[in-house]
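Everything in the sequence shown is counted per the working numbering, starting at 34 for the first residue and increasing by one.
Backbone N, C-alpha and C define an ideal beta-carbon position, used for all residues, glycine too.
From a predicted model like this one, the values you see are computed outputs, not experimental measurements.
These notes are about the structure you will find just below.
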Amino acid sequence: MIEAELKARVHAPQEILRRLGERADGRVEVYQDTYYATVDGSLEARDEELRVRTVHGPDDTRTVLKAQRLSEQKEA
């Protein structure tokens, strides 16, 4: 899976939700994120993070690990 994320300041969130609802059905999911750091601070120094995300949805619960960006991983 390739993930893209866009962050924006929304001035009329209810209007955005209404318009999205006109185009597709939405679903409620609850996200629980746990972030881990290294004792020496090396992850933060490299602007990296280790996150375990648990997503509770209407049909299932899944756990996702986010580590080093794929484009920055060194070849083995």
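If only uninterrupted beta strand (DSSP E) runs of at least 3 residues are considered, those enclosed by the stretch 38-84 are 63-69. Close CB contacts of Ala100 within its chain, under the 6 angstroms cut and outside five residues either way in sequence, are with Leu83 (chain order).
Separation of the CB atoms of Gly90 and Glu48 is rounded to 25 angstroms, and the pair is thereby denied contact status at 8 angstroms.
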